[in-house]
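Asks: Per our numbering, residue 6 is the first one in the sequence shown, and the count goes up by one each step.
First the structure, then my questions, so here it is.
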Amino acid sequence: PDLLLQAVREFDANSDGAAGDFIGPDGLIDAAKFDAQGHRGARNLRPENTLPAMEAALDNLMTTLETDNGVSSNGVAILNHDPKIEAAKCRNADGTPYTAVDEVFIKNLTAAQIQSRFICDKVFRGPEQQNDPALSPASIAFAAARGLMHPYVMPTTQQLFDFAEFYIAYYSTGGPGTAHADAGKRKANAERVRYNIETKINPRAEFAARTIAAEPFAAAVAGVIAANRLESKADIQSFDFRTLLEVHKTFPAIRTVFLFGDFPIFADRSIEGSDDGTNLQDENGANTPWLAGLFWPYRATADSAPFKVARSGGFEGMALSTDGKKLYPLLEAPLVGATTSDAKTLLIHEFNLDRNVYTGKRFKYALDAGGTNIGDFILYNRKEGLVIERDGSQGKLDGFKKIYKIQLNDPEGFVGKEELVDLLAIKDRARISEPGQPGDVGLGKKFAFPFVTIEDVVVLNSKTLGVINDNNYPFSVGRHVGSGEPDDTEFIQIRLDERLDLDDKH
């Protein structure tokens with residue numbers, strides 16, 4: 006962290022010849038411009054993932070404390086990079102030998118047993134890494150105050166959070182560190198410091214016995230964050246996406262970071278250390294288990310498997326079958342590189358909700374000559390549904406905004422479609438849309454819905470539709486052309502000339 010702090014202080018971001026563009030007026034790193042993370046605290050200055058390592062990171066004004074977590078046998082999140090308590094990093098407190106053959110798994114000991122048996126102060130990364138406790142006065146004071154046998158015991162995640170608060174008090178008025186020249190900066194930085202915590206768990210079946218299971222692992226780490234109300238100041242990262250998906254379900258307020266690579270990539274693969282950049286290992290030659298069931302073409306890249314779905318052209322409409330058993334996601338735009346015959350073709354896929362798989366059936370939807378995108382897709386009986394089709398115009402009454410009635414025919418064939426509503430030519434005999442604002446368009450007897458993103462259609466009854474726009478606030482101006490004010494969200498009801506053949510379940 007000392008080198009990182011120096012680099013940030015010397016960096017000239019705008020090339021005006023003056024360094025310090027990422028340093029704020031208070032002398033701290035501007036976290037909005039650059040997130041300086043103390044990796045495992047300060048792994049090259051102090052033994053990693055210890056309180057002295059975290060103290061060194063705070064001393065060097067890191068904006069984020071990055072660390073790794075294991076989970077003990079009694080479900081306590083604890084700082085460590087490896088499933089075992091490694092002999093290269095830790096020693097027995099009683100002086101008896103502790104070698105590689107003696108190494109024990111964190112999951113087999115309670116947090117109290119770990120902290121009463123091991124001192125993790127070994128140095129092996131070079132002369133800059135030092136373990137003299139005197140270099141870490143706040144850690145010494147914290148260990149004494151909390152009854153820890155040594156500053157270099159393996160700290161729990163709760164103790165890390167407690168230490169940050171202790172560090173603030175240490176450099177506050179009346180604290181032991183008040184006389185330090187950077188006391189004010191250290192206090193202010195510690196008050197806003199964030200945490201980036203990695204769940205150290207491997208999804209490969211052969212390593213399952215090394216740690217507790219993914220769900221309780223995630224619960225232990227996320228639980229201590231939530232208990233300290235640090236959801237807004239802590240991220241959970243992992244190569245094992247099972248833990249992250251569990252956090253999504255049970256602790257949705259905590260931000261997650263999906264890791265997939267940690268090695269350098271060189272254009273010249275002959276350079277020593279070159280790699281494809283990923284850390285997603287396969288399992289016995291099969292697809293990687295690291296993504297918790299999410300498909301990833303192992304060792305495939307955009308060069309060998311180019312993307313086909315256009316940017317902002319993925320699933321836009323998604324119809325639910327009236328029996329609730331199937332989903333029919335519809336792409337918003339044609340595939341990239343489509344043949345001339347399919348240049349205006351969108352794909353609809355069938356997904357089985359009971360089995361959570363795609364069935365292999367797909368249908369084709371042909372855009373009108375004036376249409377470029379769809380906005381929504383619903384079904385109102387087993388075969389028939391509605392699609393909003395539009396162009397990219399806004400505020401133009403000669404644009405293209407329509408609702409089509411479609412029919413799912415044979416898989417791999419085109420759906421049948423017929424125009425149901427022209428959204429730029431809706432009869433408003435009573436002129437209920439007026440008066441509007443000066444310069445508004447599309448109001449009056451010939452009412453229009455001239456928005457760029459019309460994204461919802463609902464069937465209210467067999468002769469009435471509800472249609473809603475997405476106003477993209479504050480960027481879209483489809484109605485208030487005269488004033489230039491952002492669009493409102495408008496919900497209109499449309500009475501149809503003929504009834505829709507609704508399923509009884511609709």
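Quick reminder that beta carbons are idealized off the backbone N, C-alpha and C, glycines included.
1. Using the C-alpha atoms, what's the distance from residue 221 back to residue 28?
2. Name the residue from 229, 421 and 429 whose alpha carbon lies nearest to the alpha carbon of residue 4.
3. Helix, strand or coil, according to DSSP, for residue 349 in the structure here?
4. From residue 145 to residue 100, what does the alpha carbon distance come to, in whole angstroms?
5. Could you tell me the distance, in whole angstroms, from the CA atom of residue 125 to the CA atom of residue 354?
6. Since residue 204 is in the beta strand (DSSP E), which residue starts that stretch and which ends it?
7. Are there 16 or more other CB atoms within 10 angstroms of the CB of residue 154, so buried, or fewer, so exposed?
8. Just list the beta strand (DSSP E) runs in the region 446-495, keeping only unbroken ones of 3 residues or longer that don't cross its boundaries, in chain order.
9. Which residues bound the beta strand (DSSP E) around residue 145?
10. Mind checking whether residue 265 and residue 322 have CB atoms under 8 angstroms apart?
11. Excluding sequence positions up to five away, which residues of its chain have a Cβ less than 8 angstroms from the Cβ of residue 130?
12. When you compare each of 256, 245, 210 and 214 to residue 232 by their alpha carbons, which one comes out closest?
13. Can you tell me whether DSSP reads residue 411 as helix, strand or coil?
14. What are the start and end residues of each continuous alpha helix (DSSP H) run of 4 or more residues lying completely inside the region 54-130, in chain order?
15. Looking only at C-alpha atoms, which of 289, 218, 157 and 98 sits nearest to residue 77?
16. Following the continuous beta strand (DSSP E) through residue 427, name the residue where it begins and the one where it ends.
17. Does the pairing of the region 86-100 with the region 23-41 give three or more beta-carbon distances under 8 angstroms?
18. So, residue 450 versus residue 461, is the Cβ gap smaller than 8 angstroms?
19. Which stretch, first to last residue, makes up the beta strand (DSSP E) that contains residue 44?
20. Taking C-alpha atoms, which residue in 22, 499 and 369 lies nearest to residue 346?
21. Starting from residue 228 and walking both ways along the alpha helix (DSSP H), at which residues does that stretch end?
22. Taking the alpha-carbon positions, what's the residue 7 to residue 275 distance?
23. Restricting to Cα atoms, I'd like to know which of 143, 106, 447 and 310 is closest to residue 436.
24. Taking all protein chains shown into account, do 16 or more other C-beta atoms lie within 10 angstroms of the C-beta of residue 438, making it buried, or fewer, making it exposed?
25. Nearest-angstrom Cα distance between residue 505 and residue 458?
26. Looking only at C-alpha atoms, which of 142, 387, 16 and 169 sits nearest to residue 324?
27. Please classify residue 330: is it buried, with 16 or more other beta-carbons within 10 angstroms of its beta-carbon, or exposed?
28. Where do the ends of the beta strand (DSSP E) carrying residue 175 lie?
29. Would you call the CB atoms of residue 64 and residue 191 closer than 8 angstroms?
30. Hey, residue 54 and residue 85 are a contact pair by Cβ (cut 8 angstroms); roughly how many whole angstroms apart?
Replies: Put simply:
1. Locating residue 28 in the sequence shown gives position 23, counting from the first residue. Locating residue 221 in the sequence shown gives position 216, counting from the first residue. The alpha-carbon atoms of residue 28 and residue 221 are separated by roughly 40 angstroms.
2. Nothing in the structure corresponds to residue 4, since the chain is present only between 6 and 511.
3. The residue you call residue 349 lines up with position 344 of the sequence shown. Looking at residue 349 - three-state DSSP - the assignment turns out to be coil, as it is neither helix nor strand.
4. Walking along the sequence shown from the start, residue 145 turns up at place 140. Walking along the sequence shown from the start, residue 100 turns up at place 95. Roughly 21 angstroms separates the two Cα atoms.
5. Here residue 125 refers to the residue found at position 120 when the sequence shown is read from its first residue. Here residue 354 refers to the residue found at position 349 when the sequence shown is read from its first residue. In this model, residue 125 and residue 354 are separated by some 55 angstroms (Cα to Cα).
6. Residue numbering aside, residue 204 sits at position 199 when the sequence shown is read from its first letter. Start and end: 199-204.
7. Against the sequence shown, residue 154 aligns to sequence position 149. Answer is exposed; the Cβ neighbour count stays below 16.
8. Entirely contained in the region 446-495, the beta strand (DSSP E) runs reaching 3 residues are, in chain order, 459-466 and 469-474.
9. The residue you call residue 145 lines up with position 140 of the sequence shown. Residue 145 -> not in any beta strand (DSSP E); alpha helix (DSSP H) instead, spanning 142-151.
10. Residue mapping note: residue 265 aligns to position 260 of the sequence shown, counting from 1. Residue mapping note: residue 322 aligns to position 317 of the sequence shown, counting from 1. No, these two residues do not count as a Cβ contact at 8 angstroms.
11. Working through the sequence shown from its first residue, we reach residue 130 at position 125. So the list reads 48 and 49, once near-sequence residues are dropped.
12. Walking along the sequence shown from the start, residue 232 turns up at place 227. With distances taken between Cα atoms, residue 232 lies closest to 256.
13. Residue numbering aside, residue 411 sits at position 406 when the sequence shown is read from its first letter. Three-state DSSP puts residue 411 in a strand.
14. Correct list: 56-64 and 116-122.
15. Counted from its first residue, the sequence shown places residue 77 at position 72. For the residues 289, 218, 157 and 98, the minimum Cα distance to residue 77 belongs to 218.
16. As a position in the sequence shown, residue 427 is number 422, starting the count at 1. Counting along the chain, the beta strand (DSSP E) containing residue 427 begins and ends at 421-427.
17. Inter-segment contact for the region 86-100 and the region 23-41 is absent: fewer than three beta-carbon pairs are separated by less than 8 angstroms.
18. Counting from 1 along the sequence shown, the entry for residue 450 is found at position 445. Counting from 1 along the sequence shown, the entry for residue 461 is found at position 456. No, Cβ-Cβ distance for residue 450 and residue 461 is not below 8 angstroms.
19. What you label residue 44 is simply residue 39 of the sequence shown in a count that begins at 1. For residue 44, the enclosing beta strand (DSSP E) covers residues 42-44.
20. Position 341 of the sequence shown holds residue 346. Nearest Cα to residue 346 within the set 22, 499 and 369: 369.
21. Within the sequence shown, residue 228 is the residue found at index 223, counting from 1. Counting along the chain, the alpha helix (DSSP H) containing residue 228 begins and ends at 219-232.
22. Numbered from its first residue, the sequence shown carries residue 7 at position 2. Numbered from its first residue, the sequence shown carries residue 275 at position 270. Rounded to whole angstroms, residue 7 to residue 275 spans 33 angstroms at the Cα level.
23. Numbered from 1 along the sequence shown, position 431 holds the residue referred to as residue 436. Comparing Cα-Cα distances from residue 436 to each of 143, 106, 447 and 310, the minimum goes to 447.
24. Within the sequence shown, the letter at position 433 stands for residue 438. Counting other Cβ atoms within 10 Å of its Cβ, residue 438 reaches 16 or more and is therefore classed as buried.
25. Here residue 505 corresponds to residue number 500 of the sequence shown, with the count starting at 1. Here residue 458 corresponds to residue number 453 of the sequence shown, with the count starting at 1. The straight-line gap from Cα to Cα measures roughly 25 angstroms.
26. Counting from 1 along the sequence shown, the entry for residue 324 is found at position 319. When the alpha-carbon of residue 324 is set against those of 142, 387, 16 and 169, the nearest one is in 387.
27. Residue mapping note: residue 330 aligns to position 325 of the sequence shown, counting from 1. The residue is exposed, with fewer than 16 neighbouring Cβ atoms inside 10 Å.
28. Here residue 175 corresponds to residue number 170 of the sequence shown, with the count starting at 1. Counting along the chain, residue 175 falls outside any beta strand (DSSP E), though it belongs to the alpha helix (DSSP H) covering 162-175.
29. Numbered from 1 along the sequence shown, position 59 holds the residue referred to as residue 64. Numbered from 1 along the sequence shown, position 186 holds the residue referred to as residue 191. In this structure, residue 191 lies closer than 8 angstroms to residue 64 by Cβ.
30. Here residue 54 corresponds to residue number 49 of the sequence shown, with the count starting at 1. Here residue 85 corresponds to residue number 80 of the sequence shown, with the count starting at 1. Right, the Cβ-Cβ distance comes to about 6 angstroms (below 8 angstroms), so this counts as a contact.
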